[in-house]
Each structure stands twice: as structure tokens, then as C-alpha cells.
Amino acid sequence: MKTKIDNLLEKFSHASANSLIPILQDIQDEIGFLSEEAIVQVGKHLDMPTSKIYGLATFYNQFRFQPRGKYHIQLCHGTSCHVMGAATLIELFEKRLKIKTGQTSRNGAYSLEIVPCMGACAFSPVISINGKFYGNLNQQKVEELLDDLIDNE
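All you need for our numbering is the position in the sequence shown, starting with 1, plus 96.
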């Protein structure tokens, strides 16, 4: 991982603190999340305290600090999905997978993420599992999806 990060930082050889967000975005795109090692390397590269980098990264919800699961589940919580019961479905996912949104299961199989809108309001509530969309969901449909996921794991 260190080599990948070093290679990315070479693109920003003359970077300043103004380049911090693009640097962090590139690292996350490459390795999937911002590791402690990556934050330390960026701090050395930009001659910035890691606490400032971590503070900025935690401010923006686009950054992750742990890898995504084998099954990355995105839950839409836009207005339409909210009105159609997304909160109940979020609770169901958290209960069945034994993780909270923003977390990855210990075995690395599942990760949950709430997104503000998926742009599929006509099919509310909507989720995405590894980029495959499922709409018009209710508790029974989610239970069936989870049964299939868990059986496949």
C-alpha cells in the first residue's frame, strides 16, 4: 500500500495544503479508503500535522476510514425514500448484518452506507448492492435479499 500511495503523491510533487482534498480523493479511489498509514504519508508529503488531515477528512462524509465490504450496500435516504419507509429498512439492515451505517462487518463481507439520493425516486425506497439497484422495497423484500446475501457468504 505504501508504494501505491507514494506513486499517487508523485503526481502532487509541488502540492500545498490547497491540494489536500484532491490528494485524499485520489488515495481513496486507488486503495478504497483512507488508512492511518495514508494519512501519515500525506502529512509528511505536505508537511502538515496528521491531526489536521484527519480533521478535514472526517468533516467530509465522502471519505471512508475502513475498506468496503465484499457486499457494499448503499441505502438511499432521500425525501421520497424516507417517506416510503427507508428508515425502517436501514434499521433492518443494521440489525441483520450486526453493523451500523458507515461500518464494515468484522469479516469484511458487508458494509453499509447511507446516501442522500440515488435519483430513482419512482422506485422508492431504493438500495444498491455493489452497483445493482433494487427498488420498491419493503421489509419482506429486504429480508429475502439479506437471506440470499448471507447464504452466498
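Built from N, CA and C at the ideal position, the CB exists for glycine as well. Please read these numbers as outputs of a predicted model, since none were measured by experiment.
Sequence-distant residues of its chain with Cβ nearer than 6 Å to residue i (five each side left out)
i	result
E209	Q170
H141	L105
C217	S176
K107	none
E190	K196
Under 9 Å between C-beta atoms of residue i and residue j
i	j	result
L188	A153	no
E133	K98	yes
L120	F159	yes
Contacts around residue i, its chain only, beta-carbon distance under 8 Å, and the 5 residues preceding and following it disregarded
i	result
I117	L152, Y156
S112	L142
Inter-residue CB distance, residue i and residue j (contact presumed, cutoff 8 Å)
i	j	result
M144	C172	About 35 Å; that fails the 8 Å criterion.
A205	Y167	6 Å
Nonlocal neighbours in the same chain, by C-beta distance under 7 Å from residue i, ignoring five residues either side
i	result
T146	I135, V136, G139
P221	C172, C177, M180, G181, A182, L185, L233
I223	I169, Q170, L171, C172, Y230, L233
I101	I123, A134, Q137
F219	G231, N232
L241	Y230
Notebook entry, point to check: On the three-pair Cβ rule with 8 Å, is the segment 159 to 169 touching the segment 195 to 212?
Noted result: yes
Margin query: Going residue by residue through the segment 131 to 208, where are the continuous alpha helix (DSSP H) segments of at least 4 residues, counting only ones entirely within it?
Written below: Complete alpha helix (DSSP H) runs here, min 4: 132 to 142, 146 to 155, 175 to 179, 182 to 193.
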